[in-house]
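Worksheet: the structure to be examined is printed underneath.
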Amino acid sequence: MKEKLEAVEAVLKKYDQEQLLANYEKLSEEQKERLLDEILTIDFNQISKLYANRNMKQVYSESEIKPIPYVEKDKMSKEEKEKYDELGIKTIKAGKLAVVTMAGGQGTRLGHNGPKGTFDIGLESHKSIFEILCDTLKSANEKYGVVIPWYIMTSKENNKDTVNFFEKNKYFGYPKGYIQFFKQGELPMVGEDGKVLLDEEGMIKLAADGHGGVFSSMLKDGIIYDMKARGIEWVFIGAVDNVLVKMVDPTLIGLAESKGVLAAGKSVVKAGPHEKVGVYCKRNGKPSVIEYSEISKEMVEEKDENGQLKYGESQTNCNLFNMQAIERVSEKHLPYHSAHKKATYMNAKGEIIKGTEPNAYKFEAFFFDAFDSLDDMAIMRVKREEEFAPVKNAEGVDSPETARKLYQDFWKTK
Ligand code: UTP
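This is the structure we're talking about:
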C-alpha cells in the first residue's frame, strides 16, 4: 500500500492534482485502497486536454454543411407506405429486430431521486417511464407474434437501482430472458479550475460519459455477441426519456432496407429556428447532427423553396442501426464534448459543496457522432404529437406535465 501511495503521489504531483489526497487520512483502509486504485485508472492527460478544450466551439460553414434529404411519413403514397411496412413486418416477424434503451444519463435537469426510467409522470395508473416503454414492446410482441430482445444501457451510478426496480416490478411481465442490462463508461468530473473532483464519500467523482458510449459498451459487455447469436439484423436505439417513443416501427425498417442504408433516424419539424435542438444534416457529405450553435444565425434561419427551415429536421434520439453499422462504430472512439453541470462534491477541506448553479464539467460522447462513419442514412419525418414527448426538465418545456399531456392526448387516456 505504501508503494502504491507513493506511485499515486508522484502521478498527482506531475499533473497538479494533489487535492485528490487531501482527505485521504480520514478514509477507512478499504476506501484508501479503492481511491488509490481509482486514481491509477485515470488518464490525466486526457482529462487535462478535455478541460483545456471545454469552451471550444466549432462553427461550420456553408461549404461543409448541407441539408439532408428526408421523407415525410404522412406524405408517403399508399403504395410506398405499404411496401415499407411489408418489408419491415417481415423483418420483425423473423425475429431480426432488437431494441436498446439508453438509460445511463444522470437526469440532472429533472432532479428525480433515482434513474429517470423509474419516474412517475403523473398518469392515473402511476406507471413509471420504464413500464410505459415496456407496454409498447409488449403490444408489438403481441401484434407480430415475437418477443423482441430489450437491452437497457445503465451507468455505474444507476445500474443497481435500475435492475432492482425491474426485479421489484417483476420485469413488468416481460420475459426475463429477453431483457439485458449493460453498463456504459464513465469519466471523472472536474471543477471550474480543472481539478478532478471527489464525491461525497471522498472517492473520485465519476459521471456517465455520454450516450455515445452505447456502441463500445455493447461490444465490451457482449451485447453485440448476444444479438448476433439471436440472429438480430436491425437495432432500434432510443432514449429512456420519451414517453411516446415508437421503438417498433416497420415503416422505418422498410425504408432503411429499401434504400439500402445501414441506419435510419426519425425527425420532427423543428419548433422554430431558435429551438435549441440538434438537427440532421450532411457534414462534408456524411450524415450528421449539428447543434443550433454550430452553424451561423443565417443558416439557422434559412428557408427552402417551400418556405420550410432548411435545417429543420430535429433529431429525436430515435434511430435504427443495422448490425453491420453497430459493429463498425463499436470499434471507434467518438469525440468527447464538455457539459457544464451542477455537481455535489467534497472539497479539499472535506466539506460537501452542493451546486445550485453549474459548477463542474463532465465530458460526454454523443451517439450521433457515429453517423459520419456511414455513407448515408434514411431520415423519416414523423409527427411530434405522435412520437415525441420528452421528459427533460422538472417544469416548463419538455417536463413531466407536457409529456403527460402528449401521452394522454395520443392514447386518449388519463
Ligand atoms: P440527456 O442528454 O437528455 O441527459 O440524455 P440526461 O442525463 O437524461 O439529463 P440531464 O442532461 O442530466 O438533465 C438523453 C438520453 O440519453 C441517455 C439518457 O438516459 C437519456 O435517455 N444518456 C445520456 C445515457 O444513456 N448516458 C449518458 O451518459 C447520457
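Counting in our numbering, the sequence shown runs from -2 upward without gaps. Beta carbons: idealized from backbone N, C-alpha and C, even for Gly. From a predicted model like this one, the values you see are computed outputs, not experimental measurements.
- For Met200, DSSP records no beta bridge to any residue.
- The segment 323 to 335 and the segment 203 to 214 touch, with three or more beta-carbon pairs separated by less than 8 angstroms.
- Taken through DSSP and simplified to helix, strand or coil, Ile62 comes out as strand.
- For Ser264, the enclosing beta strand (DSSP E) has its first and last residue at 260 to 266.
- Here Ser264 has Tyr67, Val276, Tyr277, Glu310, Ser311, Gln312, Thr313, Ile376, Met377, Arg378, Val379 as same chain residues with Cβ atoms under 8 angstroms from its own Cβ, once five neighbours each way along the sequence are excluded.
- Across the set Lys279, Lys294, Val274, the C-alpha of Val274 shows the shortest separation from the C-alpha of Glu288.
- Per the coordinates, the alpha-carbon of Ile349 lies some 7 angstroms from the alpha-carbon of Thr341.
- Not a single heavy atom of the ligand UTP lies less than 6 angstroms from the C-beta of Met73.
- Nearest neighbour of Glu183 by Cα position, chosen from Asp190, Lys153, His337, Met224, turns out to be Lys153.
- Taking C-beta atoms under 8 angstroms as the contact rule, Glu230 and Lys93 qualify, at a distance of about 4 angstroms.
- Close to the ligand UTP, as judged by a C-beta nearer than 5 angstroms to any of its heavy atoms, are the residues Met99, Ala100, Gly101, Gly102, Gln103, Gly104, Thr105, Arg106, Ala205, Gly207, His208, Ala236, Val237, Asp238, in chain order.
- Secondary structure at Pro284: strand, using DSSP grouped into helix, strand and coil.
- Rounded to whole angstroms, the gap between the alpha carbons of Lys294 and Ser58 is 11 angstroms.
- Per DSSP, reduced to three states, the secondary structure at Met53 is coil, with no helix or strand assignment.
- The straight-line gap separating the alpha-carbon atoms of Phe162 and Gln177 is approximately 14 angstroms.
- Assignment of beta strand (DSSP E) within the segment 368 to 405, counting only whole runs of 3 or more residues, yields 375 to 378 in chain order.
- Membership of Phe178 in the beta strand (DSSP E) is indicated by the continuous run 176 to 180.
- About 5 angstroms separates the Cβ atoms of Ala260 and Ala322, confirming a contact at the 8 angstroms cut-off.
- Put simply, of Gly282, Ala4, Gln43, Glu354 the residue whose alpha carbon is nearest the alpha carbon of Lys192 is Gln43.
- In the structure shown, Phe363 falls within a coil segment according to DSSP collapsed to helix, strand and coil.
- Rounded to whole angstroms, Ala49 and Ala95 show a C-alpha spacing of 39 angstroms.
- It is roughly 48 angstroms from the alpha-carbon of Ser396 to the alpha-carbon of Lys1.
- The closest CA to that of Val160, considering only Gly114, Asp238, Val97, is found on Gly114.
- Taken through DSSP and simplified to helix, strand or coil, Glu302 comes out as coil.
- A residue is called buried once 16 or more other Cβ atoms fall within 10 Å of its Cβ, and Tyr222, having fewer, is exposed.
- Looking only at Leu32, Glu27, Glu26, Ser25, the smallest Cα-Cα distance to Glu15 is reached by Leu32.
- Burial state of Lys70 is buried, judged by a 10 Å Cβ sphere holding 16 or more other Cβ atoms.
- In this structure, Met296 keeps its C-beta atom at 7 angstroms or more from the C-beta atom of Val211.
- For the pair of segments examined, the segment 381 to 390 was found to touch the segment 223 to 243: the number of CB pairs separated by less than 8 angstroms reaches three.
- In the DSSP assignment, Phe162 falls outside any beta strand (DSSP E) and within the unbroken alpha helix (DSSP H) covering 156 to 165.
- Beta bridge pairing from DSSP links Gly188 with Ala357.
- Under the three-state reduction of DSSP output, Lys329 falls in the coil class, being neither helix nor strand.
- Cβ neighbours of Ile39 within its own chain (closer than 8 angstroms, five residues either side excluded): Pro185, Val193, Ile201.
- The Cβ atoms of Tyr81 and Gly251 lie closer than 7 angstroms to each other.
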